[in-house]
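Here is the structure we will look at.
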Amino acid sequence: MRPRISLLLSVLLVVALSACDGPPPLQPDRATHEDFAAGNAIATNLGVPAETRAEVIRFADLEVVDGARAGLLREADAIRTRTHTAELTHRDVLTLWWIVFNHPEYCEHGDGELAACGEGDLFDGPEGPTGVDPSCVYADGSLVGGNGTARFHDRLRVGDVRDSCIDFFVAAVDGLEGEDYGLINPAGAEVHLVVRSHGPTIPGMVSEQRSTFAGGCQEFLMPHEGEEELEPGQCRDEQFVVFPAPNN
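With positions in the sequence shown counted from 1, the corresponding number in the working numbering is that position plus 21.
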């Protein structure tokens, strides 16, 4: 079984408290690997970046989400994703978060198989910055449809540190230190995506729920507590995706 990786930051809270002239759009809905390979061949022939695809994985049991697709496109000054996921609770409000490890060669907390980097690499070590230059920023928000699916898309530019979750945790957890460096190394970064549930819609708070890290959250559940549906005011990281650095 794969060990837990990516953003398991809810544990800390339990304890402490597209450009039209750019490359072709991502198409995570393609049904087969053959279609994906053909699309990348076309992109290569046109001289534009090719999309990388990865599995969407549940935090609760570390199993692959059936019918889910995630794609990443690396550009010279940005990264883009279109992610279609499933097996979620109808009408729950979701956010998607970019987790970027700009220099994964300095990471020390990955699982050694799926990812070079893990949650410990998001914050400074006991002697200061580790050299990883991490970032954790908002990507998109969505509402789960009647068939339990949700779609996200975003383009993150170099230097963008909008709505940083690293800043949130540094402020919330006494003694925790770290800085959000934004996207620095789009070509060589290890990139994770985290699907976060903010529970059922709360009247008057839906916009905040789908656009901020703690929107509507009164109780933070640990990611592995994923057996029961969330009640209003409960939040939990549900799923994650890992895109290793291209040279790994």
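All residues carry an ideal CB built from backbone N, CA and C; glycine is no exception.
With DSSP as the reference, identify every bridge partner of residue 187, one or two as the case may be. In DSSP, residue 187 forms no bridge with anything.
If you check the beta carbons only, do residue 181 and residue 152 fall under 7 Å apart? Not a contact, by the Cβ cut-off of 7 Å.
Using alpha carbons as the reference points, say which of 85, 235, 208 and 87 lies closest to residue 265. The shortest CA-to-CA distance from residue 265 to any of 85, 235, 208 and 87 is the one to 208.
What is the DSSP secondary structure of residue 258, counted as helix, strand or coil? In the displayed model, residue 258 falls within a strand according to three-state DSSP.
Nearest neighbour of residue 100, chosen from 131, 179 and 201 [CA to CA]: Per the C-alpha coordinates, the member of 131, 179 and 201 positioned closest to residue 100 is 179.
Of the residues 113, 237, 268 and 176, which one's Cα is nearest the Cα of residue 210? When each option's Cα is compared against that of residue 210, the closest is 268.
Determine the burial state of residue 112: buried for a count of at least 16 other Cβ atoms within 10 Å of its Cβ, exposed for fewer. By the C-beta density criterion, residue 112 is exposed, having fewer than 16 other C-beta atoms within 10 angstroms.
Does the beta-carbon distance from residue 115 to residue 216 come in below 7 Å? In contact: residue 115 and residue 216 (Cβ atoms closer than 7 Å).
Can you give me the start and stop residues for the alpha helix (DSSP H) that residue 227 sits inside? From DSSP, the alpha helix (DSSP H) with residue 227 extends over 227-230.
To the nearest angstrom, how far is it from the Cα of residue 245 to the Cα of residue 97? CA-to-CA, the gap between residue 245 and residue 97 works out to about 36 Å.
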